[in-house]
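First up is the structure itself, then whatever we jot down about it.
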Amino acid sequence: MAVSADVARLAAVAPEYVKQMSAYQRRNFLFLMLDGATFAFAISLLSEATIIPAFVQSLSNNAVLVGLVAATFAVGRYLPQLVGAHLVRGRKKRKPLLMAIVIAERVGILAIAITAQLIGLVPHGVVLVLFFIVFCGYAITTGLIGPVYGDFVAKALTKGRGWYYGFVQLIGGVLGFSAALVGEHFLRTQDFPTGIQWCFWLCFALSFVSIFFIAGLKEVDYPHVEPRPPFIETLREIPGLLSRDESYRRFLLARAFLAFSTLGIGFVVVDGIDRVLKTSDAALLAAVFILSQALLGFLLGLVGNYFGWKIVIVLGGVLIAGSMVGAVFADDLVAYIPILAALGGANAVTIIGDQNMSIELAPAAKTSLYLGTTSTLLAPFFIAGPLIAGALAVPFGYSFVFISAAVLAVVGILLALRVREPRSAAAQESAIGQPGALP
């Protein structure tokens, strides 16, 4: 099943708006693709799964601080999404808000690059404190932009949107793979911290270029704008939503275990560097992670599009469990390649699976609320997991962390299998909700 019901509903209530936006379809498609491809290349040089943990490890040699990288990114990536979804409400146009967050995001990347330049000028402890402050700020912008960017795409691309997301995953991943190889070259040929500094500055330069692609997007006023309620009113809707919808509760429970099972991801490369890998191998494995995320993300997107998103969630759990078991026994670079490939696929599930499953479970009038609720409620598990793993790694070792993660993933898989496939449910509510849903 590949019907975009939201587009049909939009055309029913705002046909002239859809007609006007269709006139900009090709232009917006081109600029969104250019932005996605350029930013994917750039951000691969700032990978929170490989490059950043290796950076923090080189500065601190502290497992807890390495775990704090993933936790910090999770705080910024997930907690502000409900705020971002709320900010979209009550706006005739999304582009001004989108541009503001995009510029703030690039300022965050610039601040990270400047912080890395302080190595050798100030104590490492000071660099680490400053780094985590600016990294947190950058991470928050990645969370705020999600629902805003997604809502713009939902209105700008009413035809072929699924293929757009698939191609962005694929093209962005291929370019990201290339960028990771560039990063590997910097880390291999330059001593620390020069190689890392080159990575960060190149990331900023390319991300700055992508601002101009966002500036080139076109949109018209949406005709049916509802007043934005106070944020507290949006929050008050969540308990009732959870109490009424059993399928959604089951989905969140399964995803909570699967989110918690990602606690070991940031330590896979760190453990490898401690045992059998070179620091420069981190960039190569980042390339594998990114390319796998692109390829498997594209394939899993097609699976979800035609067979439903429940199976995608289950497959994500299988990938996590398999990679964590593999991390226990990996003893050379070759063994780490399929592990990072599986983790790349699991990350793709988080990107495309959570939001699409939420959309299909949601009544039409509550789509944006479901999306924001999913991200917000899963955030504590993404945040606490790496911190707990870092604390456990000190007395028990990384293998204990990886085995624990595999067990959590298996529990998540079993719970996900109990979630009813939304497409097998009765006809969904047809009321039209406030625009603000991710596609």
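Going by this note's numbering, the residue at position 325 of the sequence shown is 306; the numbering climbs one at a time, nothing skipped.
C-beta atoms are modelled at their ideal positions from N, C-alpha and C, and glycine is treated no differently.
Neighbourhood of V293 by C-beta, 7 Å cutoff - its chain only, sequence neighbours within 5 removed:
Locating residue 293 in the sequence shown gives position 312, counting from the first residue. Correct list, in chain order: L281, V284, G285, V330 and G334.
Kindly indicate the opening and closing residues of the alpha helix (DSSP H) around I301.
Counting from 1 along the sequence shown, the entry for residue 301 is found at position 320. From DSSP, the alpha helix (DSSP H) with I301 extends over K291 to F310.
With H, G and I counted as helix, E and B as strand and the rest as coil, what does DSSP make of V103?
Position 122 of the sequence shown, counted from the start, is the residue given in the question as residue 103. In the structure shown, V103 sits in a strand (DSSP, three-state: E or B).
Whole angstroms are fine: how far does the CA of L99 sit from the CA of L81?
Residue 81 sits at position 100 when you count from the first residue of the sequence shown. Residue 99 sits at position 118 when you count from the first residue of the sequence shown. Rather than Leu, the amino acid found at residue 81 in this sequence is Ala. When rounded, the distance between both Cα atoms is 28 Å.
So, helix, strand or coil for G417, using DSSP?
The residue given as residue 417 occupies position 436 in the sequence shown. Note that G417 scores a pLDDT of 38, beneath 50, so its modelled location is shaky; the value from the coordinates is reported in the next line. Correct three-state label for G417: coil.
For the pair the segment 259 to 269 and the segment 157 to 165, tell me if three or more CB-CB distances fall below 8 Å.
yes
Expected contact under 8 Å - CB spacing of D16 and I195 to nearest Å:
For the purposes of this step, residue 16 is identified with residue 35 of the sequence shown, where counting begins at 1. For the purposes of this step, residue 195 is identified with residue 214 of the sequence shown, where counting begins at 1. About 6 Å separates the two Cβ atoms, so the contact holds.
Nearest-angstrom Cβ-Cβ length linking M338 and E200, presumed shorter than 8 Å:
Here the question's residue 338 lines up with position 357 in the sequence shown. Here the question's residue 200 lines up with position 219 in the sequence shown. Going by Cβ atoms, the distance from M338 to E200 rounds to 28 Å, so no, they are not a contact pair.
Tell me which same chain residues have a C-beta within less than 8 Å of the C-beta of L373, skipping the five on either side of it?
Reading the sequence shown from its first residue, position 392 is the one you call residue 373. If we look at L373 and ignore the five residues flanking it on each side, its Cβ neighbours are F381, V382 and S385.
So, at 6 Å on beta carbons, what are the nonlocal neighbours of N328 in its own chain, with the 5 sequence-adjacent residues on each side left out?
Taking the sequence shown and counting its residues from 1, one reaches residue 328 at position 347. Closer than 6 Å at Cβ, skipping near neighbours: Q274.
For the candidate residues A240, E218, A323 and Y317, whose alpha-carbon lies nearest to that of L422?
Outside the modelled stretch of the chain, which goes from -18 to 420, sits residue 422, for which no answer is possible.
What first and last residue would you give for the alpha helix (DSSP H) that runs through T19?
Position 38 of the sequence shown holds residue 19. Where T19 is concerned, the enclosing alpha helix (DSSP H) stretches over Q6 to I24.
Spatial neighbours of A390 within its chain, please: C-beta separation below 7 Å, excluding the five flanking residues on both sides.
For the purposes of this step, residue 390 is identified with residue 409 of the sequence shown, where counting begins at 1. Excluding residues within five positions, the ones whose Cβ falls inside 7 Å are L239, S242, G298, I301, A302 and M305.
Less than 7 Å between the C-beta atoms of S188 and A21, yes or no?
Numbered from 1 along the sequence shown, position 207 holds the residue referred to as residue 188. Numbered from 1 along the sequence shown, position 40 holds the residue referred to as residue 21. Against a cut-off of 7 Å, the Cβ pair of A21 and S188 comes out as no contact.
Short of 7 Å in beta carbon distance, which residues of its chain neighbour A430, apart from the five on each side in sequence? Order them along the chain.
Here the chain comprises residues numbered -18 to 420, so residue 430 is not present and cannot be evaluated.
Where D172 falls, given that 16 or more other Cβ within 10 Å makes a residue buried:
The residue labelled residue 172 in the question sits at position 191 within the sequence shown. Counting Cβ neighbours within 10 Å, D172 comes out exposed, since fewer than 16 surround it.
Can you name the start and end residues of the alpha helix (DSSP H) that Q98 belongs to?
For the purposes of this step, residue 98 is taken as residue 117 along the sequence shown, with counting starting at 1. Where Q98 is concerned, the enclosing alpha helix (DSSP H) stretches over K76 to Q98.
In terms of residues, what are the limits of the alpha helix (DSSP H) holding N337?
Along the sequence shown, read from residue 1 onward, the residue named residue 337 stands at position 356. Its alpha helix (DSSP H) spans residues D335 to L342.
Check this for me: beta carbons of V257 and D313, under 7 Å apart or not?
Against the sequence shown, residue 257 aligns to sequence position 276. Against the sequence shown, residue 313 aligns to sequence position 332. In this structure, D313 lies closer than 7 Å to V257 by Cβ.
Mind checking Y130: buried by the 16 CB within 10 Å criterion, or exposed?
Locating residue 130 in the sequence shown gives position 149, where the first residue counts as 1. Buried, since its Cβ has 16 or more Cβ neighbours within 10 Å.
Once DSSP output is grouped into helix, strand and coil, what is the label at A345?
Taking the sequence shown and counting its residues from 1, the one referred to as residue 345 is at position 364. At A345 the pLDDT is 49, less than 50, meaning the model places this residue with poor confidence; the figure from the coordinates comes in the next sentence. Correct three-state label for A345: helix.
Name the residue from V47, S228, S405 and L359 whose alpha carbon lies nearest to the alpha carbon of G124.
As a working note, residue 124 is residue 143 in the sequence shown. Checking every option, the nearest Cα to that of G124 belongs to L359.
Specify whether the segment 179 to 187 and the segment 86 to 96 touch according to this definition: at least 3 beta carbon pairs, one from each stretch, less than 8 Å apart.
yes
Classification of F213 by the beta-carbon crowding that lies within 10 angstroms, buried from 16 upward
Counted from its first residue, the sequence shown places residue 213 at position 232. The residue asked about is misnamed: residue 213 is Ile in this sequence, not Phe. By the neighbour-count rule (16 or more Cβ atoms within 10 Å), I213 is not buried but exposed.
Just verifying my parser: in three-state terms, what is the DSSP assignment at R70?
The residue labelled residue 70 in the question sits at position 89 within the sequence shown. Coil at R70, not helix or strand.
Determine whether the beta carbon atoms of G235 and A343 lie at a separation below 7 Å.
To locate residue 235, count along the sequence shown from 1; it is residue 254. To locate residue 343, count along the sequence shown from 1; it is residue 362. What sits at residue 235 in the sequence shown is Ala, not Gly. Not closer than 7 Å, so no.
Identify whether V(-1) lies in helix, strand or coil by the three-state DSSP scheme.
Reading the sequence shown from its first residue, position 18 is the one you call residue -1. Three-state DSSP puts V(-1) in a helix.
Could you check what DSSP says for H166 in three-state terms: helix, strand or coil?
Working through the sequence shown from its first residue, we reach residue 166 at position 185. If DSSP states are grouped into helix, strand and coil, H166 belongs with the helices.
So, with DSSP's three-state summary, where would you put M(-18)?
Counting from 1 along the sequence shown, the entry for residue -18 is found at position 1. Low local confidence applies: a pLDDT of 42 at M(-18) is under 50, so the model's placement there is unreliable, with the coordinate-based value given in what follows. Reduced to three states, the DSSP call for M(-18) is coil.
Range covered by the alpha helix (DSSP H) that runs through T139
If you number the sequence shown from 1, residue 139 lands on position 158. Here T139 belongs to no alpha helix (DSSP H), and DSSP marks it neither H nor E.
Alpha carbon to alpha carbon, how far is V392 from I246?
For the purposes of this step, residue 392 is taken as the residue at position 411 of the sequence shown. For the purposes of this step, residue 246 is taken as the residue at position 265 of the sequence shown. Their Cα atoms are separated by approximately 17 Å.
Confirm, please, whether the CB-CB distance from V50 to P34 is below 7 Å.
On the sequence shown, position 53 is the one that residue 34 refers to. On the sequence shown, position 69 is the one that residue 50 refers to. Contact: yes.
Under 7 Å between the Cβ atoms of L422 and P367?
The structure shown does not extend to residue 422, since the chain is modelled only from -18 through 420, so no value can be given for it.
DSSP state of N42 mapped onto helix, strand, coil:
Position 61 of the sequence shown, counted from the first residue, corresponds to residue 42. N42: coil per DSSP, three-state reduction.
Could you give the residue range of the alpha helix (DSSP H) that holds P319?
Position 338 of the sequence shown, counted from the start, is the residue given in the question as residue 319. Per DSSP, P319 belongs to the alpha helix (DSSP H) from L314 to A329.
Work out the CA separation of V107 and Y229 for me, nearest whole Å.
What you label residue 229 is simply residue 248 of the sequence shown in a count that begins at 1. What you label residue 107 is simply residue 126 of the sequence shown in a count that begins at 1. Each residue's alpha carbon lies about 44 Å from the other.
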